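Worksheet: the structure to be examined is printed underneath.
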Amino acid sequence: MIFSTFFKYHLFIKIIILFFTLTIHNSIFCIGSEVAKSLDFSGNGPIFLSKKQIKDDLNQAIGLFRDNYVRYRVLEKNGINWEGVFQKLESLIVKDTNPVLTHHFQKKLIKALEFTEDSNIQANLFLKKRHYIHRVEPKATFYTNIKLAQRQERFRVLPGKYQTKNIINDWFINCTNTQEVFFPVLPQRQAELLFMLGIQANNQLKNLKCTFQSESGVKREKLLPLFFSESEINFEESPIYKFVNGRIPYIRWYRDGKAGENDVKKFYKLAKKLRKSQDLIIDVRGNKNGSFRFIEKWLREFTRNHWKNVIIRERQTVQILNGLLNRVQWNLYNDTSSHFIGKGQLEQKREQLRNLIFYFVEKGLDQKWIETKFIFNGNKDAPKWNTHLIIIANNHCGNGCQFLAALTKQIPDGTLIGKNTGSFPKNSFKPIFQLNSSRIMLTFENKLHLNHMGEPVSTSGYHPDYWLFSPMGLTDIMRYANK
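Under this note's numbering, read the sequence shown as residues 74 to 556, first letter to last.
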């Protein structure tokens with residue numbers, strides 16, 4: 074009887090302790106979760122927004138960016154007044170006497186964020202069985218086919234096939250209404266500085282109005298048509314690589330391959346054959362899925378050198394982790410077949426995030442940074458690097474392409490030609506936050522792309538040393554490399 078009473082007493086104590094532990098766990102988890110509730114896909118939000126609702130949502134949005142957007146401080150250091158941006162937007166919307174449609178507010182919000190030039194920023198709105206999507210559009214490169222040679226601080230028009238009539242050898246003065254850009258292009262002679270006249274914009278533009286001046290002082294205005302060249306992309310049907318032998322070896326790397334494939338074996342053997350090459354061209358245009366691991370094996374056959382360049386820093390906070398929980402919900406709600414991870418993996422990811430939130434709150438952690446580095450360790454049996462490396466890339470640039478592009482910025486004898494490499498990392502698992510009044514879902518990146526010096530890389534990626542515009546091509550690159 075005494076034993077039974079003692080046993081019951083201890084059992085009662087254990088139940089109390091278990092109940093207390095679960096209560097603490099749930100309360101902590103709720104505290105961590107209250108910032109980002111589950112996403113509302115019902116579409117039952119307001120069609121119109123009151124001035125108060127707009128103000129409340131803008132206050133929430135600025136807080137979300139300030140506390141969670143990894144480029145907030147970067148842009149702030151570059152002179153961006155975030156508070157001023159949102160205040161200006163609020164004053165523009167509030168002074169409108171007509172009721173503001175929710176999807177119009179969504180569009181204006183993204184428009185106000187264009188200064189970031191970050192295509193990872195996106196706003197989704199489910200409203201009355203409709204899905205509205207707006208994102209910050211990346212800037213595209215438009216060119217005029219007017220080639221300029223720099224003479225000290227001035228730019229002179231070179232003879233060409235396009236639009237140069239009456240302005241050959243004239244000096245460039247300026248362009249009206251838009252900010253022109255001088256894109257460096259391949260020189261024809263050593264120490265020559267050549268540029269293509271153009272602009273960068275996130276909307277389609279037809280022409281550029283510019284003024285030129287002759288040696289005699291006569292000014293002429295020209296309406297210059299703008300051209301845009303699509304970036305080629307490789308598909309699964311593409312071969313693994315293409316090799317053209319010559320004084321300067323040329324390799325076109327299209328995609329990864331499986332270890333047992335004959336072409337993969339040939340590709341790696343090629344690296345040994347090219348070890349003594351003083352110059353090497355690797356063309357990775359359109360290689361959006363080429364992995365670092367695949368090209369790393371090739372380079373290990375080629376050199377014994379060691380490099381560390383592409384760095385991804387991921388920021389974690391309780392609020393960001395809640396945003397990632399929302400991402401899991403988003404992927405489960407929207408057809409998971411189009412995503413890289415299936416339903417089972419998403420459920421597992423959700424449990425991991427919940428445990429991580431509990432850990433953050435339990436330990437009182439404010440934030441945590443996780444760093445991923447692309448580290449290349451060469452083969453000791455291979456020779457030391459002694460090659461002028463030319464990489465040709467465009468904005469369809471995967472992990473391996475990004476590493477090679479970054480390498481040209483790291484080594485003294487590297488050159489990047491083509492287009493900018495685009496936003497990175499691609500297809501990232503980004504957090505989602507929902508605004509309380511409008512039900513707009515905001516997405517932005519919690520990962521920051523750094524170069525080998527630990528400095529943030531532009532949202533448009535690595536910019537080429539020399540841009541490639543049609544009809545420029547491999548012949549021009551070979552001519553440059555030979556010189």
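Every residue, glycine too, gets a C-beta built ideally from N, C-alpha and C. Predicted model only: the values in this text are computed from it and were never measured.
Under 8 Å Cβ to Cβ from residue i, same chain only, skipping five residues before and after it: list those, please.
| i | result |
| --- | --- |
| residue 337 | 313, 330 and 331 |
| residue 367 | 329, 330 and 473 |
| residue 249 | 282, 283 and 284 |
| residue 115 | 199 |
| residue 439 | 390 |
| residue 192 | 208, 209, 210, 211, 496 and 532 |
Closest to residue i by CA distance: which of the options is it?
| i | options | result |
| --- | --- | --- |
| residue 242 | 453, 248 and 232 | 232 |
| residue 545 | 394, 237, 490 and 452 | 490 |
| residue 182 | 290, 492, 438 and 160 | 160 |
| residue 156 | 135, 447 and 165 | 135 |
| residue 508 | 273, 197, 139 and 152 | 197 |
| residue 239 | 296, 271 and 222 | 296 |
| residue 323 | 519, 464 and 128 | 464 |
| residue 214 | 335, 151, 300 and 439 | 300 |
| residue 122 | 158, 163 and 144 | 163 |
| residue 435 | 397, 402, 391 and 417 | 391 |
| residue 226 | 234, 529, 255 and 432 | 255 |
| residue 132 | 511, 317 and 261 | 511 |
| residue 130 | 335, 506 and 556 | 506 |
| residue 549 | 261, 393, 357 and 431 | 261 |
| residue 276 | 209, 530, 416 and 333 | 209 |
| residue 395 | 428, 416 and 415 | 428 |
| residue 457 | 379, 154, 403 and 406 | 379 |
With a cut-off of 8 Å on the beta carbons, I'd call residue i and residue j a contact; round off their distance for me.
| i | j | result |
| --- | --- | --- |
| residue 170 | residue 119 | With a Cβ gap of about 18 Å, residue 170 and residue 119 do not count as contacting. |
| residue 267 | residue 514 | Residue 267 to residue 514, Cβ: 46 Å. No contact. |
| residue 492 | residue 541 | 7 Å |
| residue 527 | residue 363 | About 25 Å; that fails the 8 Å criterion. |
| residue 271 | residue 217 | 6 Å |
| residue 355 | residue 292 | Actually they are not in contact, since the Cβ atoms of residue 355 and residue 292 sit about 45 Å apart, beyond 8 Å. |
| residue 166 | residue 178 | 7 Å |
| residue 373 | residue 459 | Actually they do not touch by this definition, with Cβ atoms about 16 Å apart. |
| residue 365 | residue 476 | 5 Å |
| residue 400 | residue 504 | 6 Å |
Between the alpha carbons of residue i and residue j, how many angstroms are there, rounded?
| i | j | result |
| --- | --- | --- |
| residue 310 | residue 496 | 25 Å |
| residue 583 | residue 420 | Past the boundaries of the shown model lies residue 583; the chain is included only from 74 to 556, so the question cannot be answered. |
| residue 125 | residue 265 | 59 Å |
| residue 211 | residue 486 | 30 Å |
| residue 341 | residue 371 | 5 Å |
| residue 498 | residue 359 | 16 Å |
| residue 450 | residue 269 | 38 Å |
| residue 554 | residue 352 | 8 Å |
| residue 410 | residue 500 | Confidence is the limiting factor: at residue 410 the pLDDT is only 49, short of 50, which leaves the residue's position unreliable, though a coordinate-based value still follows. If I take the Cα positions, the gap works out to 15 Å. |
| residue 141 | residue 469 | 27 Å |
| residue 516 | residue 326 | 33 Å |
| residue 108 | residue 138 | Here residue 108 scores only 43 on pLDDT, less than 50, and its place in the model is too uncertain to base an answer on. |
| residue 35 | residue 444 | Residue 35 lies beyond the range of the chain shown here (74 to 556); nothing can be said about it. |
| residue 350 | residue 377 | 15 Å |
| residue 253 | residue 289 | 24 Å |
| residue 222 | residue 144 | 36 Å |
| residue 304 | residue 483 | 25 Å |
| residue 339 | residue 547 | 24 Å |
| residue 279 | residue 190 | 21 Å |
| residue 467 | residue 307 | 11 Å |
| residue 532 | residue 369 | 25 Å |
| residue 228 | residue 219 | 11 Å |
| residue 386 | residue 424 | 23 Å |
| residue 158 | residue 150 | 15 Å |
| residue 398 | residue 418 | 13 Å |
| residue 446 | residue 234 | 46 Å |
Under 7 Å Cβ to Cβ from residue i, same chain only, skipping five residues before and after it: list those, please.
| i | result |
| --- | --- |
| residue 479 | 382, 383, 524, 525 and 535 |
| residue 375 | 344, 347, 348 and 455 |
| residue 481 | 462, 464, 487, 488 and 489 |
| residue 448 | 381 |
| residue 173 | 121, 122, 127 and 166 |
| residue 287 | 243 |
| residue 202 | 116 |
Apart from the five residues just before and just after residue i, which ones in its own chain have a Cβ nearer than 6 Å to its Cβ?
| i | result |
| --- | --- |
| residue 389 | 441 |
| residue 315 | 325 |
| residue 551 | none |
| residue 180 | 207 |
| residue 273 | 212, 214 and 254 |
| residue 539 | 257, 258, 259 and 490 |
| residue 537 | 489, 490 and 491 |
| residue 556 | none |
Just checking residue i against the ligand FAD - is the residue's beta carbon closer than 7 Å to any of the ligand's heavy atoms?
| i | result |
| --- | --- |
| residue 210 | No copy of the ligand FAD occurs in the structure displayed, which carries no ligand at all. |
(request) At 4 residues or longer, and completely inside the region 455 to 518: list those alpha helix (DSSP H) runs for me, N to C. (result) 472 to 483
(request) Scan the region 346 to 433 and note each continuous beta strand (DSSP E) run of 3 residues or more that stays entirely inside, going in chain order. (result) 352 to 356 and 379 to 389
(message) Please give the ranges of any beta strand (DSSP E) in the region 213 to 294, keeping only runs that are unbroken, at least 3 residues long and fully inside the region.
(response) 213 to 224, 227 to 230, 244 to 248, 254 to 258, 267 to 274 and 280 to 286
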